[in-house]
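Last residue of the sequence shown? That's 1075 in the working numbering, and every number before it is there in order.
Glycine included, every Cβ here is placed at the ideal spot set by N, Cα and C.
Data first, discussion second: the structure below is written as structure tokens.
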Amino acid sequence: MSIQRLPDWHQIEQPVVISLKTARHHLWGNVAVYLGLFIIELLGARWGHSQALRADAVNNLSGIFSTGLLMTGLFIASRTHDDDLFGAPIAPAEQQQLGPRIQQSRFRFETIFNLLAGTIMAAIGIDIIIKGVMTFATRTLFKSLSSIAGWAAGFSFVVLLVLWAFNHYWSRKLNNAALIAASRDTFTDALTSLTTVLTILVTVKLHLQWFDNLISIGLGLYILNTGTKIFRESSLNLVDYFDPYLEDRYQRRIADLTSVRKVIFLKAHYDSNLIMLRATIGVPPQMTAIEITRLIETINQIMWQEFGVMETDVMITTNY
């Protein structure tokens, strides 16, 4: 006998879509802040002759690009009841039969645009590194820094710290991958601005004009590293990679239930920030349909409450 639980997709879909739309609205504020800081720091870098501040401004520009891509991914992911998928038509019969799967595919667009954002950040980091190295290689004369650069960097640090607190609060409240990424990026951007402030202070006080350019190369390496990490994480999610140690914890937890003889198969994957789990378990042949139904409900409840698994699709077999 084989019984499979059919999940109530609408109960899963509705809160996720609401969360995606709310997250997208909050990210508009991020775009406005990053755009303002980019202009302020770029002007401060030009008037204050600071390469490190210019690198910080370009870092904020990458924040605009990455946030815009995140918002685009959230917009696509939050669309429901459409007859197309990113412009590609969906047959009515397929919409009726594979509705949940189509919506989960939309959720993955958030991950795809995360990947694009990481690629752009990496490219910007490489550009900053090349320009910094070329400045040293050509022995360009360094201009004296002015206090304007320091004030611009200090203002950026304070604003980004406030923005990080805002993103951090809503990312925890909504448990949204895009806001979590935005929160993490905003915090590191705030630290980058703080580093720029300290760099300008050291450069001005000790008259080490080359130090400012050296730090700009370091910031370029940091941006490149951050973009590479985002690209790697998004790529792994898209190919359905999942932490095997976490899967092992899931399997041991299900196997601990008294009615479960053995966990025959278990596989988890991400749809956007949602953890989806499929499992096949063996149970005693004398179990009734009511007992099996209760066991499936218990497994779903445990996996949600203890591990945050959004959907656990359980296959039951008594022939094991």
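Among the options, nearest to residue i - alpha-carbon criterion
i: LEU1032; options: VAL1018, GLY887, ALA1044; result: VAL1018
i: THR941; options: LEU961, THR958, SER911; result: SER911
i: THR1073; options: ARG863, ILE1047, SER902, GLY1037; result: GLY1037
i: LEU915; options: GLN1041, GLN1060, GLU1046, PHE793; result: PHE793
i: LYS960; options: ILE885, MET1042, SER902; result: SER902
i: LEU946; options: ILE795, GLY784, ASN815, GLY803; result: ASN815
i: ASP995; options: ASP1026, ILE881, GLN1041; result: ASP1026
Cutoff 6 angstroms; reference residue i; Cβ partners in own chain excluding five residues on either side
i: ALA807; result: THR951, THR954, ASP967, ILE970, SER971
i: LYS1022; result: ARG1033
i: GLY781; result: For the sequence presented, residue 781 should be read as His rather than Gly. Correct list, in chain order: TRP925.
i: ALA1044; result: none
i: VAL1064; result: ILE1030, LEU1032, MET1058
i: LEU1050; result: SER1014
i: PHE997; result: ALA1023, HIS1024
i: SER938; result: ASN922, HIS923, SER926
i: ILE885; result: none
Proximal residues to residue i (C-beta, below 8 angstroms), its chain only, five neighbours per side dropped
i: SER989; result: THR866, ILE867, ASN869, LEU870, GLY873
i: VAL786; result: ILE819, THR822, GLY823, MET826
i: GLN759; result: With a pLDDT of 43 at GLN759, under the threshold of 50, the modelled position of this residue cannot be trusted, and the question is left open.
i: ILE875; result: SER817, PHE820, SER821, LEU824, GLY982
i: LYS984; result: GLY873
i: GLY803; result: LEU900, SER901, SER902, ILE903, ALA904, GLY905, ALA907, ILE955
i: LEU993; result: ARG863, THR866, ILE867, LEU870
Contact belief for residue i with residue j at Cβ below 8 angstroms, rounded distance in angstroms
i: GLY887; j: GLY791; result: That pair is no contact at about 25 angstroms.
i: ASN813; j: ILE879; result: Rather than Asn, the amino acid found at residue 813 in this sequence is Val. Indeed they touch by this definition, with Cβ atoms about 6 angstroms apart.
i: PHE986; j: ALA892; result: No, PHE986 and ALA892 are not in contact; Cβ-Cβ is about 28 angstroms, not under 8 angstroms.
i: THR943; j: THR981; result: 7 angstroms
i: ILE978; j: SER817; result: 7 angstroms
i: TYR1005; j: PHE1062; result: 7 angstroms
i: LEU963; j: VAL957; result: 7 angstroms
Same chain, Cβ closer than 7 angstroms to residue i, neighbours up to 5 away in sequence not counted
i: THR1067; result: LEU1032, ALA1034, ILE1054, ASN1055, MET1058
i: ALA810; result: ILE883, SER971, LEU974, GLY975
i: GLU1002; result: LEU1021, ALA1023
Residue i Cβ short of 8 angstroms to the ligand ATP heavy atom set
i: ASP811; result: Absent from the structure shown: the ligand ATP. Ligands present: none.
| Which ranges would you report for the beta strand (DSSP E) in the segment 1041-1070 if only whole runs of at least 3 residues count? | Qualifying beta strand (DSSP E) stretches: none in this window.
| message | For the segment 997-1017 against the segment 912-928, do three or more pairs of beta-carbon atoms, one drawn from each stretch, fall closer than 8 angstroms, so that the two count as touching? | response | no
| task | Counting only runs of 4+ residues fully inside the segment 967-1002, write out the alpha helix (DSSP H) ranges in chain order. | result | none
| query | Can you find at least 3 beta carbon pairs, one from the segment 787-800 and one from the segment 903-915, that sit closer than 8 angstroms? | reply | yes
| In chain order, which continuous runs of the alpha helix (DSSP H) of length 4 or greater are located wholly inside the segment 773-798? | none
| said: For a minimum of 4 consecutive residues, which ranges assigned as the alpha helix (DSSP H) are wholly contained in the segment 867-947? | reply: If only complete runs of 4 or more residues are kept, the segment 867-947 shows the alpha helix (DSSP H) at 902-929, in order along the chain.
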